[in-house]
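Engineer:
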Amino acid sequence: MIKIIVSALILTIFWSQYTISEQLTFKLNGKIISEYNIMQLSNIVKPLEITIYEPHEQKNRTYFGFPALAILKDIYKNHLMSNKDLYITCSDGYKPSIPVVKFLKYDSYLVFKSSNNEKFTIVNKNQNNEFVELKPYFLIWDNLKHPELKKQGTYDFPYQIESIDLISFQDKFPKMSPPVPSSESANSGFIAFRKYCSTCHTINGEGGSKGVELNYPVNVTEYFEEKWLKLWIENPSSIRFNTKMPGLNLDIDNIEEVINNIVEYLKAMKEKKITPDSK
60 MIKIIVSALI LTIFWSQYTI SEQLTFKLNG KIISEYNIMQ LSNIVKPLEI
110 TIYEPHEQKN RTYFGFPALA ILKDIYKNHL MSNKDLYITC SDGYKPSIPV
160 VKFLKYDSYL VFKSSNNEKF TIVNKNQNNE FVELKPYFLI WDNLKHPELK
210 KQGTYDFPYQ IESIDLISFQ DKFPKMSPPV PSSESANSGF IAFRKYCSTC
260 HTINGEGGSK GVELNYPVNV TEYFEEKWLK LWIENPSSIR FNTKMPGLNL
310 DIDNIEEVIN NIVEYLKAMK EKKITPDSK
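Given below as structure tokens:
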């Protein structure tokens, strides 16, 4: 009996440090449906240790957190459909939109602490060795179990997560879609822009807020010569010393074609300038 009481007390002390500040907001189509702290999330599914290849630091790291799909299924229930996206908002302005189908296919985890008494931080080698606090939550993928994920690098590894919103991308970002009609290259570029660029940059005010707006009032292709724009996308540090913007992952298949398509999408958006909504 004494052992049980002591164990319960230890668990209470452990969880109490997370119950107030580590709040995670869940939304459905932009509307808040629930908010959970770590102790409440642990009532849905127990946290566990998971070791991955840390793409920011390019070495293995072990974290402690929750299987993401179990959390998402419990919260969103039958709304969690494969044609939807999870729009994640981070405190640093990073806003990735990740298809639900990826969560259904691969193992992912919402982690909240490092294992082995390591600090819950990273040194981001892709952003000029920037020191980053990961809390409150960091989404990771088991790229050791699924080695094909290593090729995707740091994409879809958002940290400092504040909220998760289950959305239809087309409904959420109507101002970002290319004008109709657009070339096949521009439409392919839109898909690539969604994945690699909209996490940080906005088009007509829609997207992440970590980087600059690229279309309104002046499109980036109207003041950036095309050859330099392509180089900027591929390797920003070759143009601007100490920039924290990462280049496009060089392991992406057909990277030159992907960059060309992104530029074609940006050029097409010159014909679709829409005043961003007031913040």
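For the sequence shown, the working numbering gives the first residue as 60, with consecutive numbering after it. Every residue gets a Cβ at the ideal spot worked out from N, C-alpha and C, and that includes glycine.
#1: When you compare each of D224, E323 and G212 to K118 by their alpha carbons, which one comes out closest?
#2: With respect to the beta strand (DSSP E) encompassing G124, which residues constitute its N-terminal and C-terminal limits?
#3: Measuring only the C-alpha atoms, how far is T84 from G270?
#4: Looking at the strands, I want to know which residues DSSP matches up with S174.
#5: Nearest to R120 by alpha carbon, out of I111, L128 and A127?
#6: Out of E285, N294 and L131, point me to the one whose CA is closest to L309's CA.
#7: For the region 140-154 against the region 221-228, are there 3 or more C-beta pairs whose distance is under 8 Å?
#8: DSSP on Y218, reduced to helix/strand/coil?
#9: When you compare the region 245-256 with the region 164-172, are there three or more beta-carbon pairs, one atom per stretch, that lie closer than 8 Å?
#10: Could you tell me the boundaries of the beta strand (DSSP E) in which D144 lies?
#11: Going by alpha carbons, who is nearest to S257 out of E281, F283 and L325?
#12: So what does W200 bridge to, in DSSP terms?
#13: Provide the residue span of the alpha helix (DSSP H) that contains E272, from first to last.
Structural biologist: In short:
#1: G212
#2: That run of the beta strand (DSSP E) goes K118 to P126.
#3: 24 Å
#4: Partner(s): none; S174 has no beta bridge.
#5: I111
#6: If we check each option's Cα against that of L309, N294 comes out closest.
#7: yes
#8: coil
#9: no
#10: Start and end: D144 to C149.
#11: L325
#12: S167
#13: Segment: none, E272 is in no alpha helix (DSSP H) and carries neither H nor E.
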